[in-house]
Amino acid sequence: MLKQMEGSMAVAEAVALARPEVICAYPITPQTHIVEGLGEMVKSGQLENCEYINVESEFAALSVGIGSSAAGARTYTATASQGILFMAEAVYNASGMGLPIVMTVGNRAIGAPINIWNDQTDSMSMRDAGWIQLFCETNQEAVDVHIQAFKIAEKLSVPVMVCMDGFILTHAYERIDMPEQAQIDQFLPPFNPRQVLDPANPVSMGAMVGPEAFTEVRYLAHRRQMDALELIPQVAQEYAEIVGRDSGGLISTYKAEDAETLVISLGSVIGTIKDVIDQRREEGEKIGCVAIRSFRPFPIAEIRKACANAKRIVVLEKCFAVGMGGMVASNVRMALSTQPVPVYNVIAGLGGRPITQTSLHNLFNEAAADKLEGLHFLDLNQEVVERELERQRLDECSGSVAENILRDIGAVAASKV
Amino acid sequence: MTQQVKYYQTGTYTVGNRLLDQEQRTVQASLDRSNALDSGHRACQGCGEALGARFAIDAAMRATDNQLIACNATGCLEVFTTPYPETAWQMPWIHSLFGNAAAVATGVAAAQRVKGKKEVRVIAQGGDGGTTDIGFGCLSGMFDRNDDVLYICYDNQAYMNTGVQRSSATPPAARTATTMPVGPNPGNEFGQGKNVPLVAMAHGIPYVATASVHDLHDLERKVTKAMSMRGARYIQIFVPCPLGWGSKPCDSIKLARMAAECGLWPLFEAEHGEITDSTKLRKPAKVDGYLKLQRRFAHMFKPGNEAQLEGMQALADKNIVKFDLLEEKGDEE
Ligand SMILES: Cc1ncc(C[n+]2csc(CCOP(=O)(O)OP(=O)(O)O)c2C)c(N)n1
Ligand code: SF4
Ligand SMILES: [Mg+2]
């Protein structure tokens, strides 16, 4: 059914279609509307046979999820930013125990300085935690991928994080084609756990393991993610057969076949990138893009294939490993280590800075001329940076960097008026 | 049986099972006990935690007709009962993290509710550190929501599993690896610490009790009572630790009894935030005897540290008044 609705509400309805049995979450912007929506559905009785639990922290939220999933209940939670850091210990624990929890991350920057706006550093901080990580380009994709996530998680006994850009997707009103309950019931069988806490068949879960088995346990976790490389497209296919829409999968490409410049990115910014590609194609430039939909497992083979004929790769990412550079680019470079193609790394959109078409055009102009540095910061105000460095040189006690910069550019003075 | 039985065997204070009426015998005395925490685990000799857990869990198993799931925090109890592929647990058991046992139990309980398994009950358990410190947020949240979980804290008054460091349940003056008996105020500070049974009561939850491994009848009774109720319940059990306390393994029960009899470990029960009962003391003992048997308090008996001893006695005296521990004269049957 077609509906005009907010991304968060669409995700809430999609999650409800998957018939979760326990939902437990703690509020954090921009995730709140999703769990509020689900809370109301449970309370009103629209979502039946589901326990909705309000907890005191994200650490508790995921811990409750660990308990309910271990006891055989289909479990959902959602968080963002500081919240995913607060639950970090439980994030690793859930995957280590093979509990197929589905969690939405409404992608948001991590402080300090505290910042509620979108980037993807939060999900990326947990990229090696053993969860499958799926990134959504649109709210329609978010709807479809959430439903697929339950199937992927439960088939593999691996938790799945569905990552959608905060505000840009969570708070955007768009047209959504919501699947019917009957379709989803056909697509998604009831949860049949690999191991369950049950007095009729007592097991001990989560006990200690020493060096004699730990490497193999970890290796097998990796193997399951490698299995996911096959399962994710398969599930997308099954979904398409029942719901009639292609979404999900490992990557998607746009005008990539003959592209000399290939942009790789993930999440909602792909939409803007496609528009810019269309404009540049009209000018005759051979440019295309690849959206990474599954960041974990990382689709090495698909990326290699998509990049096979490109002359240059531009990895544009909304996350940044301080002291190193881009996290996505590091992974892409590893995938392309046998291909002699330059990989430019562009850090963009941190803390909600808009990624405009103008900026992208300028960027792609430089890329086409092979004038980009290996690590580039989109729209970095170099003059402001130099002035702050100068202040620090002159004064050991120069104060807060963030505050100094805001004063410098006049934002503080302006807001006082 | 209308007559109250008070048999004490010579030389021990264990109530003689053989002399008791069938119904009054302990769960442990029965052949059909569940042995949910079975033998063969790796606890130290004389471990109060192993003893307390065995009695508590078997009592809970009986009370629920073995329809019980346990959620364990990291700590000695978790470590000495498991390393894969071995397990001492003959019941469904899960360990997740150090600080989340209460929340995991909430989740397990929610799953039982949603699956309509009303009869399956859930307990969470952990050491004092896992309960009063790192797990405190999750514990308080579970109390706040009045989730259908019995949380049992095995209080050996320090982080034993990591080598005896101070927790918020470590008593004043006690030596731990992080409160060494050096300097002008040797051992743990006075004026710190957390009384979690009282904090639990402040949540207004249906049931709170303290128990100890010297009175196993009382411990079993409290666990059984707790399991007869729904909602959040909390029992903190005093469990001596020979390794951490520097005491003889054979003195564990004795130390537990002495802690109760001097007033340092008051035994009481509370319902919905109000104390309903406390175990009376015939004649409160001085704290010295209890302290002297433990090397963690040895510095208190050195000249110059008299104030510490007085401070400890004052704490015991305060408990006696606060928890109304004195047996009233003429109360004897
Ligand atoms: C987050 C985290 N911090 C620290 C530890 C290390 N740790 C494991 S057990 C333990 C001490 C447990 O003390 P307590 O809860 O009192 O139980 P006991 O061993 O005394 O029975 C500590 C500090 C851990 N496992 N996880
Ligand atoms: S260290 Fe203490 S609590 Fe741990 S097993 Fe030994 S006696 Fe028991
Ligand atoms: Mg302890």
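Chains A and B, in that order, are what the protein sequence lines are. Oh and the first sequence: position 318 is 661 in the numbering used here, straight run, nothing missing. Oh and the second sequence: position 170 is 744 in the numbering used here, straight run, nothing missing. The beta-carbon is built from N, C-alpha and C at its ideal position, and this holds for glycine as well.
Would you decide whether residue i is buried or exposed? Buried here means 16 or more other CB atoms lie within 10 Å of its CB.
{"i": "G592/A", "result": "buried"}
{"i": "S802/B", "result": "exposed"}
{"i": "N544/A", "result": "exposed"}
{"i": "G666/A", "result": "exposed"}
{"i": "E349/A", "result": "buried"}
{"i": "F875/B", "result": "exposed"}
{"i": "F557/A", "result": "exposed"}
{"i": "P443/A", "result": "buried"}
{"i": "R869/B", "result": "exposed"}
{"i": "T418/A", "result": "buried"}
{"i": "N705/A", "result": "exposed"}
{"i": "L838/B", "result": "buried"}
{"i": "N852/B", "result": "This sequence places Ser at residue 852/B; Asn is not what is there. It counts as buried."}
{"i": "L693/A", "result": "buried"}
{"i": "C506/A", "result": "buried"}
Could you confirm whether any beta carbon from chain A is found closer than 7 Å to the beta carbon of residue i?
{"i": "H669/B", "result": "yes"}
{"i": "I643/B", "result": "yes"}
{"i": "P814/B", "result": "no"}
{"i": "P666/B", "result": "yes"}
{"i": "A634/B", "result": "no"}
{"i": "A806/B", "result": "no"}
{"i": "G681/B", "result": "yes"}
{"i": "R607/B", "result": "no"}
{"i": "C712/B", "result": "yes"}
{"i": "W819/B", "result": "no"}
{"i": "A624/B", "result": "no"}
{"i": "T584/B", "result": "Low confidence applies here, because T584/B scores a pLDDT of 42, under 50, leaving its location unreliable; read the following figure in that light. No, T584/B does not count as interfacial toward chain A."}
{"i": "V678/B", "result": "yes"}
{"i": "A684/B", "result": "yes"}
{"i": "Y733/B", "result": "no"}
{"i": "V773/B", "result": "no"}
{"i": "V688/B", "result": "yes"}
For chain B, check one thing: does any of its Cβ atoms lie closer than 7 Å to the Cβ of residue i?
{"i": "P542/A", "result": "yes"}
{"i": "P683/A", "result": "no"}
{"i": "E746/A", "result": "no"}
{"i": "N688/A", "result": "no"}
{"i": "M569/A", "result": "no"}
{"i": "V448/A", "result": "no"}
{"i": "I409/A", "result": "yes"}
{"i": "V398/A", "result": "yes"}
{"i": "A359/A", "result": "no"}
{"i": "P545/A", "result": "yes"}
{"i": "E364/A", "result": "yes"}
{"i": "M670/A", "result": "no"}
{"i": "G426/A", "result": "no"}
{"i": "V552/A", "result": "yes"}
Cβ of residue i within 6 Å of any heavy atom in ligand 3?
{"i": "D702/B", "result": "yes"}
{"i": "N646/B", "result": "no"}
For a quick check, are the C-beta atoms of residue i and residue j less than 7 Å apart?
{"i": "M831/B", "j": "H788/B", "result": "In the sequence as displayed, the identity of residue 831/B is Arg instead of Met. Their beta carbons are under 7 Å apart, which means R831/B touches H788/B by this criterion."}
{"i": "T753/B", "j": "N759/B", "result": "no"}
{"i": "V756/B", "j": "E623/B", "result": "no"}
{"i": "R655/A", "j": "T604/A", "result": "yes"}
{"i": "V501/A", "j": "R567/A", "result": "yes"}
{"i": "M734/B", "j": "A676/B", "result": "no"}
{"i": "L855/B", "j": "E835/B", "result": "yes"}
{"i": "C662/A", "j": "M467/A", "result": "yes"}
Is residue i near ligand 2, with its Cβ less than 6 Å from a heavy atom?
{"i": "M734/B", "result": "yes"}
{"i": "L817/B", "result": "yes"}
{"i": "F654/B", "result": "yes"}
Please determine whether the Cβ atom of residue i lies at a distance below 6 Å from any heavy atom of ligand 1.
{"i": "N550/B", "result": "Outside the shown range of chain B (575 to 907) lies residue 550/B, about which nothing can therefore be said."}
{"i": "C727/B", "result": "no"}
{"i": "C650/B", "result": "yes"}
{"i": "L672/B", "result": "The question names Leu, but residue 672/B is Phe in the sequence shown. Yes; taking the cut-off as 6 Å, the Cβ of F672/B has a heavy atom of ligand 1 nearer than that."}
Please determine whether the Cβ atom of residue i lies at a distance below 6 Å from any heavy atom of ligand 5.
{"i": "E623/B", "result": "This structure lacks ligand 5; its bound ligands are ligand 1, ligand 2 and ligand 3."}
Going residue by residue through the segment 381-412 of chain A, where are the continuous beta strand (DSSP E) segments of at least 3 residues, counting only ones entirely within it?
394-397
3-residue-minimum beta strand (DSSP E) runs that sit fully inside the segment 527-561 of chain A, ordered along the chain
none
For the segment 612-671 of chain B, list the alpha helix (DSSP H) runs that are entirely contained and at least 4 residues long, ordered along the chain.
Counting only runs of 4 or more residues that sit fully inside the segment 612-671 of chain B, the alpha helix (DSSP H) segments are 622-637 and 650-655, in chain order.
Which runs of the beta strand (DSSP E), 3 residues or longer, sit entirely within the segment 421-467 of chain A?
445-450
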